[in-house]
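Per our numbering, residue 255 is the first one in the sequence shown, and the count goes up by one each step. In this text, a Cβ means the ideal position worked out from N, Cα and C, and glycines have one as well. So the structure is just underneath, and the comments pick up after that.
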Amino acid sequence: MDFLETLNTEGDTKVQPHVSRWWNVVESYQLAMKGKPTIGVESPKIKVKVEKEDTIDYAYGKVLTTQYDIPRLIKDVNHGDPNLLPLIITAKDVSMHGLCAGKCADHGIFENNKGFIVIGDPEIECPGACGWPFHEVDAGPKGPIFKPPNKNMAVDAMVVALASALVNTITNPQNTGFYGGIEFDPIEPATACKGIFGPGATPGNPGKVFTDRKTGENFSAHGNNGRRFLLPAIWNPATSTCWTITSRYFST
Numbered sequence: 255m256d257f258l259e260t261l262n263t264e265g266d267t268k269v270q271p272h273v274s275r276w277w278n279v280v281e282s283y284q285l286a287m288k289g290k291p292t293i294g295v296e297s298p299k300i301k302v303k304v305e306k307e308d309t310i311d312y313a314y315g316k317v318l319t320t321q322y323d324i325p326r327l328i329k330d331v332n333h334g335d336p337n338l339l340p341l342i343i344t345a346k347d348v349s350m351h352g353l354c355a356g357k358c359a360d361h362g363i364f365e366n367n368k369g370f371i372v373i374g375d376p377e378i379e380c381p382g383a384c385g386w387p388f389h390e391v392d393a394g395p396k397g398p399i400f401k402p403p404n405k406n407m408a409v410d411a412m413v414v415a416l417a418s419a420l421v422n423t424i425t426n427p428q429n430t431g432f433y434g435g436i437e438f439d440p441i442e443p444a445t446a447c448k449g450i451f452g453p454g455a456t457p458g459n460p461g462k463v464f465t466d467r468k469t470g471e472n473f474s475a476h477g478n479n480g481r482r483f484l485l486p487a488i489w490n491p492a493t494s495t496c497w498t499i500t501s502r503y504f505s506t
């Protein structure tokens, strides 16, 4: 959960860009709401805190569905607390219905409009679909393969998936917020910029990011305690373009 704990901390000013800068763009959506003043106004902070963690050893089987298993799992874990946003991360040998086929994470609502996020582990299930850009894609244009900044393809790919899902959940929690397209298959702020990680991105090419000179590991932002992460582009409501945290450091 190091990534989540990094969102609300500014970090060392000598080590930039920091993950919190990326999160600031997510927070800026609050000012994009109709009627909100934007000039000279700082976006309200969106605090993210990990309240508790639970590990459930296959209590719901190895094939999960959003309609049946996820609501049961959430009820058993958070005991109906409406102030928690459940984040479900599957084991590498667990299949989540709806993931791998076009998306690597999902968010939704169940009873009383309570939200949740679910992330799949691509190591076994679909590295060619959800491991990119740390793994070659199964289909489509081929491009550079990045070296994961935390030395684990699946973990770093899940950070990308989590970051995207968190953006979409914050900006469109109940399919009534910021999105394009149709309500039941929305194009959300992270979805609109899928596959873009840095300037110069094209299909199959994630774009320009940082490379550690010693290890060759690729990343776009610094976190706490020496951690580094690759973060996806976000649709910036102020410019109506896909924004990446490395855009100010590289030309297109």
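In terms of Cβ geometry, Ile450 and Ala487 form a close pair [threshold 7 angstroms]. Approximately 6 angstroms separates the beta-carbon atoms of Val414 and Leu484; this is inside 8 angstroms, confirming the contact. DSSP places Leu261 in the coil class of the three-state scheme, outside both helix and strand.
Just so you know, the alpha carbons of Asp439 and Gln428 end up roughly 12 angstroms apart. Beta-bridge annotation (DSSP): Val317 is paired with Ser349.
In the three-state DSSP reduction, Trp277 falls in the helix class (H, G or I).
Around the C-beta of Ala313, fewer than 16 other C-beta atoms lie within 10 Å, and the residue is accordingly described as exposed.
According to the DSSP assignment, Thr495 belongs to the beta strand (DSSP E) that extends over 495–497. By DSSP's assignment, Val372 forms a beta bridge with Ile342, Asp360. The beta carbon of Pro381 sits closer than 6 angstroms to those of His389, all from its chain and outside the five residues before and after it, given in chain order. Membership of Ile300 in any alpha helix (DSSP H) is not indicated, and neither H nor E is assigned to it by DSSP. Between the C-alpha atoms of Asn278 and Val421 there is a straight-line separation of about 11 angstroms. Around the beta-carbon of His333, fewer than 16 other beta-carbon atoms lie within 10 Å, marking it exposed.
Around the beta carbon of Glu264, fewer than 16 other beta carbons sit within 10 angstroms, so the residue counts as exposed.
Exposed is the label assigned to Ser494, since fewer than 16 other Cβ atoms lie within 10 Å of its Cβ.
By the criterion of a C-beta distance shorter than 6 angstroms, Gln284 is surrounded in its chain by Ser297, Pro298, once the five residues flanking it on both sides are discounted. Residues Thr260, Leu261, Asn262, Thr263, Glu264, Gly265 of the same chain have their beta carbon placed closer than 8 angstroms to that of Ser274, with the five preceding and five following residues left out of the count.
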